[in-house]
Amino acid sequence: MIRVSDYITEHLENIGCEAVFLLSGGGMMHLLDSVSRKKKLKYYCNHHEQCSGMAADSYARISGNIGVCYATSGPGGTNTLTAVVGAYQDSSSVLFITGQSKLSQTIEGSGLSGLRQFGTFEVDVIPGMKPYTKYAAMVKSAQDIRYHLEKALYLAKEGRPGPVFLDIPLDIQGAQIDPRQLRKFDADAEGFIKKEIEKKSDIETAFAYLTKAKRPIILAGHGIRIAGAVDLMLVLAEKMKIPVLSTCFGKDVIEYEHPLFVGHPGMKGDRAGNFAIQTADVILSVGCSMHVTTTGYEMDEFAPKAIKIIIDPDEWVLKREQIKATLKIQMDCRKFLEATLKIAESSDYHSPVNWQKKCVSWKKDFVVYQEPHKVESNQINFYNFSSTLDQLAVSSDIVVTDAGSAFYVVGQAFRVKKGQRVINSGSLGAMGFALPAATGAAVAAPQSRVLCITGDGSLQTNLHELAVFHRNKLNVKIFIINNDGYVCIRNTQNNFFKGHLAGTSADSGVFIPNLQKTAENFEIPFFKVSAFSLLEETLKKVLATPGPVFCEIITPRFQEIIPSVSSIRLENGAMKSKPLHDMFPFMDEEKLNEALEISD
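Each residue of the sequence shown is one higher than the one before, starting from -7 at the first, in the numbering used here.
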């Protein structure tokens, strides 16, 4: 006989999981007791359940295994919601397990659906989690633990990955079971294993479009990474000499110096990427959800003359009609690329040399760091910092960014090296993501150095997680961009409300504590730099210091994120955006037309 909580931890160990992220609580006492007795499966204590979930998300992305988050009942469970939604939208395989009141003292156990609460600190958490998970259930019988656990773990990775959620009452956690007598989950019997629909004709059609193209582009999204198909995408691009664009969320699927890499399309992408996407005649989009941040708000102006081929495993993504695609194929990205490569073996097609040269010239002539970023003498611009850091970073580094300016600047400008990973809250844009995500990355890859880039505002939302770095001596270098609060919304207020500021800076209601004292309180080495002439020297010291390090970077209060696609407010109050190729700061019309001119 074995306790249910012990059965869970043994199962997690058996599938290769090595970490559980949690915040202790009475409602999960058996789960906590069991994991604390394991040697292979280690637990890491966060100071907020949201952070446990975000750390598990990042761990899953870096390790390729399931991420695991434990939380207690009531507010412990509800605190995980932001992390659950983030994992759902970013397609991360995370298992959330919450403790719960005894089954007889739950709303579910009472059978009274209108009851607001029964047990101590009880919340009927499952209905709230179902819309954002691939599977969510309360385990109401100890005999069903194997079934629910196997089903959750299967669905977390099946098809488009995502989070799963199990709520386990205290008496079920502590119940004794005979593992040999437990019912198991059968994916085939429940209809999850479906015969694949033949897609050979669609794949051949897609390939035919490519081979007739004069200006083809591969638009590579994060879905390629999820499918484990990064190498296949590169082989196909190199075989057919097709230039590659990557989304800011899929930034690490191709290194910056790859000869076929052009740039990032999107609202806050780069000019090279947007020039290429807007002038392409065939776009092969693989693992890209065609989000508005990539296509722009005026979707009818996105690559208006191009044949668009969209490959995605998610039928709901393909059902969106805003992007008019010539061909949509619902298919695993890896399987599509494998099939396409087989066809390509007998083809000698290469994209036209003139097109390749044009893409190379865009990449060379329109470097983000060379934009007219406003900066006073010897002041550090965020882009200066990003440029200096990407030159000093090594191929084994993991870059973790927060929301806001950290996401945008690093997303459009950081020059990724081969082997580097970039982790961010790509879909949800959750402030405070960087610190717990850095924890998960550092635990998943202890041999790597984690470069955690956050802002002085975002830092405050999960400041307590600095304690996790200190407690576990994690190799995380924390770079805090001090721009007096929230620069992105402050810029928006400047643009749309004539400089009237509210809730974005020290003089409009926001207090940011002294960061040096903050670092000292968490017993983390502290560095600070405000002069560009000292930036490289300081960063070298930070990167060479063992363990967690805290580095404050003083940057302008009104740091512009440029280039970017701007919007204007019409007389009726509606917003209208420029097309992707016409980015701010605006180019002279004649020079813009000259840049876009292509001789096929």
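Where is the CB? At the ideal position from N, CA and C, for every residue including glycine. Remember, predicted model here, so these are calculated numbers, not experimental data.
If the criterion is Cβ atoms closer than 8 Å, does the pair Ser397 and Phe374 meet it? The residue given as residue 397 occupies position 405 in the sequence shown. The residue given as residue 374 occupies position 382 in the sequence shown. By the CB criterion at 8 Å, Ser397 and Phe374 fall inside the cutoff.
How far does the beta strand (DSSP E) with Ile7 in it reach, from first residue to last? Against the sequence shown, residue 7 aligns to sequence position 15. Element bounds for Ile7: n/a, residue is neither H nor E.
At 4 residues or longer, and completely inside the segment 372 to 410: list those alpha helix (DSSP H) runs for me, N to C. 374 to 384, 397 to 405
Under the three-state reduction of DSSP, which class applies to Cys37: helix, strand or coil? Residue 37 sits at position 45 when you count from the first residue of the sequence shown. For Cys37, the three-state secondary structure derived from DSSP is strand.
Same chain, Cβ closer than 6 Å to Phe253, neighbours up to 5 away in sequence not counted: As a first step, residue 253 is located in the sequence shown; it is residue number 261 there, counting from the start. Residues of the same chain with a CB within less than 6 Å of the CB of Phe253, apart from the 5 flanking positions on each side, are Val236, Ile246 in chain order.
Apart from the five residues on each side of it in sequence, which residues of its chain come closer than 7 Å, Cβ to Cβ, to Cys351? The sequence position of residue 351 within the sequence shown is 359, counting from 1. Only Pro235, Val254, Ala268 meet the Cβ criterion.
Compute the Euclidean distance between the alpha carbons of His283 and Ser85, then round it to the nearest angstrom. Residue numbering aside, residue 283 sits at position 291 when the sequence shown is read from its first letter. Residue numbering aside, residue 85 sits at position 93 when the sequence shown is read from its first letter. Spanning the two alpha carbons is a distance of roughly 21 Å.
What does a CB cutoff of less than 7 Å around Phe177 pick up in its chain, not counting 5 residues either side in sequence? In the sequence shown, counting from the first residue as 1, residue 177 sits at position 185. Excluding positions up to five away in sequence, the list reads Tyr139, Glu142, Lys143, Tyr146.
When DSSP builds the beta bridges, which residues end up paired with Tyr127? Locating residue 127 in the sequence shown gives position 135, counting from the first residue. Answer is Val156.
The alpha helix (DSSP H) with Gln135 in it runs from where to where? For the purposes of this step, residue 135 is taken as residue 143 along the sequence shown, with counting starting at 1. Premise fails: Gln135 is in no alpha helix (DSSP H) and is neither H nor E.
Gly59 (DSSP reduced to helix, strand or coil): Within the sequence shown, numbered from 1, the residue matching residue 59 stands at position 67. DSSP places Gly59 in strand when its eight states are reduced to three.
Going by DSSP in three states, Asp304 sits in which element: helix, strand or coil? As a position in the sequence shown, residue 304 is number 312, starting the count at 1. Three-state DSSP puts Asp304 in a strand.
By alpha-carbon positions, which one of Glu293, Gln371, Ser55, Asp244 ends up nearest to Thr271? The count along the sequence shown starts at 1 and reaches residue 271 at position 279. Relative to Thr271, the option among Glu293, Gln371, Ser55, Asp244 whose CA is nearest is Glu293.
Specify, as a first and last residue, the run of the beta strand (DSSP E) that Pro208 falls within. Looking up residue 208 in the sequence shown gives position 216. Segment 208 to 212, the beta strand (DSSP E) holding Pro208.
Between Asn38, Gly68, Met20, which has its C-alpha nearest Asn454's C-alpha? Along the sequence shown, one-based indexing puts residue 454 at 462. Comparing Cα positions, the closest option is Asn38.
Whole angstroms is fine: what's the gap from Glu337's alpha carbon to Leu158's? For the purposes of this step, residue 337 is taken as residue 345 along the sequence shown, with counting starting at 1. For the purposes of this step, residue 158 is taken as residue 166 along the sequence shown, with counting starting at 1. If I take the Cα positions, the gap works out to 46 Å.
Element boundaries [beta strand (DSSP E), containing Ala11]: For the purposes of this step, residue 11 is identified with residue 19 of the sequence shown, where counting begins at 1. 11 to 14 is the extent of the beta strand (DSSP E) around Ala11.
Under the three-state DSSP convention, the category Ala536 falls into: Translated into the one-based positions of the sequence shown, residue 536 becomes position 544. Reduced to three states, the DSSP call for Ala536 is helix.
Using the C-alpha atoms, what's the distance from Ile390 back to Leu443? Sequence index remark: in the sequence shown, residue 443 carries index 451 (1-based). Sequence index remark: in the sequence shown, residue 390 carries index 398 (1-based). Taking the straight line from one Cα to the other gives about 6 Å.
Over what stretch of residues does the alpha helix (DSSP H) that includes Arg326 continue unbroken? Numbered from 1 along the sequence shown, position 334 holds the residue referred to as residue 326. Unbroken alpha helix (DSSP H) run through Arg326: 325 to 336.
Measure the Cβ-Cβ separation of Ile195 and Phe328 and say whether it is below 8 Å. As a position in the sequence shown, residue 195 is number 203, starting the count at 1. As a position in the sequence shown, residue 328 is number 336, starting the count at 1. Taking 8 Å as the Cβ cut-off, Ile195 and Phe328 qualify as a contacting pair.
If I follow the unbroken alpha helix (DSSP H) through Gly674, where does it start and stop? The displayed coordinates of the chain run from -7 to 592. Any statement about residue 674 would go beyond what the structure contains.
Mind checking who Thr446 pairs with in its DSSP beta bridge? The count along the sequence shown starts at 1 and reaches residue 446 at position 454. Thr446 pairs with Ile472.
One question on the structure: do Arg407 and Val479 come within less than 8 Å of each other, judged by their Cβ atoms? Residue mapping note: residue 407 aligns to position 415 of the sequence shown, counting from 1. Residue mapping note: residue 479 aligns to position 487 of the sequence shown, counting from 1. No. Outside cutoff.
Rounded straight-line distance, which links the Cα of Thr72 to that of Gly661: This structure gives no information on residue 661, because the portion of the chain shown stretches from -7 to 592.
Does the segment 465 to 476 come close enough to the segment 527 to 547 to have 3 or more Cβ pairs within less than 8 Å? yes
Would Trp347 be called buried (16 or more neighbouring beta carbons within 10 Å of its own) or exposed? Taking the sequence shown and counting its residues from 1, the one referred to as residue 347 is at position 355. Trp347 is buried by the Cβ-count criterion.
With 16 as the cutoff for other CB atoms within 10 Å, does His214 come out buried or exposed? Residue 214 sits at position 222 when you count from the first residue of the sequence shown. Buried, by the Cβ-count rule.
Separation of Asp82 from Ile128, as counted between CA atoms: Against the sequence shown, residue 128 aligns to sequence position 136. Against the sequence shown, residue 82 aligns to sequence position 90. With the sequence shown as reference, residue 128 is identified as Ala, and Ile is not the correct amino acid for it. Spanning the two alpha carbons is a distance of roughly 18 Å.
Kindly indicate which three-state DSSP category Ser419 falls into: helix, strand or coil? Your numbering for residue 419 matches position 427 in the sequence shown. Ser419 sits in coil when the DSSP states are folded into three classes, being neither helix nor strand.
Shortest alpha-carbon distance to Met323 belongs to which of Lys366, Ala298, Ser277? Here the question's residue 323 lines up with position 331 in the sequence shown. Looking at the Cα atoms, Ser277 is the closest of the given residues.
Assess contact between the segment 62 to 71 and the segment 18 to 26, defined as three or more Cβ pairs (one per stretch) separated by less than 8 Å. Is contact present? yes
Taking 6 Å as the limit between beta carbons, can you name the residues of its chain near Phe241, skipping five residues before and five after? For the purposes of this step, residue 241 is identified with residue 249 of the sequence shown, where counting begins at 1. Answer for Phe241: His214, Gly418, listed in chain order.
Three-state secondary structure assigned by DSSP to Arg482: Within the sequence shown, residue 482 is the residue found at index 490, counting from 1. If DSSP states are grouped into helix, strand and coil, Arg482 belongs with the helices.
Any 3 or more C-beta pairs closer than 8 Å across the segment 432 to 440 and the segment 502 to 513: Between the segment 432 to 440 and the segment 502 to 513 there are fewer than three inter-stretch CB-CB distances shorter than 8 Å, so the stretches are not counted as touching.
What three-state label does DSSP hand Ala523 in the structure shown? Within the sequence shown, numbered from 1, the residue matching residue 523 stands at position 531. In this structure, Ala523 counts as strand in the three-state DSSP scheme.
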